[in-house]
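Chemist:
Residue numbers (the working numbering): 513 to 661.
1. Between which two residues does the alpha helix (DSSP H) containing residue 650 stretch?
2. Looking at the unbroken alpha helix (DSSP H) that takes in residue 591, where does it start and where does it end?
3. What's the call for residue 545, buried or exposed, on a 16-neighbour Cβ count within 10 Å?
4. Roughly how far, in whole angstroms, is the beta-carbon of residue 646 from the beta-carbon of residue 619, given that I think they are within contact range, below 8 angstroms?
5. Using a 10 Å radius around the Cβ and a threshold of 16 neighbouring Cβ atoms, would you call residue 650 buried or exposed?
6. Is residue 570 helix, strand or coil by DSSP?
7. Taking the Cβ atom as the reference point for each residue, do residue 595 and residue 542 lie within a distance shorter than 7 angstroms?
8. Going along the chain, which residues of its own chain have a beta-carbon closer than 8 angstroms to the beta-carbon of residue 657, five neighbours each way excluded?
9. Taking C-alpha atoms, which residue in 605, 521 and 615 lies nearest to residue 582?
10. Measuring CB to CB, does residue 659 end up less than 7 angstroms from residue 615?
11. What number of angstroms, rounded off, separates the C-alpha of residue 598 from the C-alpha of residue 630?
12. Quick check: what's the CA-CA separation for residue 525 versus residue 661?
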């Protein structure tokens with residue numbers, strides 16, 4: 513019994529538990545949001561131009577469903593992953609690439625001037641979170657953010 517306790521390790525931060533004395537974890541939100549299609553690339557469009565498919569259709573594995581497609585989703589992975597599961601993608605995903613923040617405290621947003629025109633665009637909430645690796649609540653807010661994912 514004492515040997516098992518040595519193997520147990522837990523990170524604890526403000527906000528992880530609702531009631532520390534009872535060890536009740538704070539509930540995780542699992543939203544289901546619709547995806548907005550920004551661009552669709554399909555076979556007729558590819559064949560019409562100078563592009564070609566990376567692999568010809570006859571080389572596709574036999575078990576690909578007829579409506580098979582790749583999707584690229586840009587957004588907060590907590591919202592995206594729970595939405596994918598609730599929209600029937602459970603067990604059908606081969607790769608999820610996540611680029612998490614690393615608690616560096618740095619602001620990675622960049623202003624770029626193109627040509628002579630000055631165009632000012634305010635960053636979206638997602639861009640704001642994606643490129644500013646600063647955490648107003650300190651390490652506790654960073655750990656809470658990562659734990660929920």
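Where a beta carbon is used, it is the ideal one built from N, C-alpha and C, also for glycine.
All values reported here derive from a predicted model rather than from experimental measurement.
Modeler: The answer reads as follows:
1. 650-659
2. 589-596
3. exposed
4. By a beta-carbon distance limit of 8 angstroms, residue 646 contacts residue 619. Their separation comes to about 6 angstroms.
5. Classification for residue 650: exposed.
6. Here DSSP, grouped into helix, strand and coil, assigns residue 570 to helix.
7. Judged by beta-carbon spacing, residue 542 lies beyond the 7 angstroms limit of residue 595, meaning their Cβ atoms are not closer than that value.
8. 613 and 647
9. Nearest C-alpha to residue 582: 605.
10. no
11. 43 angstroms
12. So the two alpha carbons sit approximately 16 angstroms from each other.
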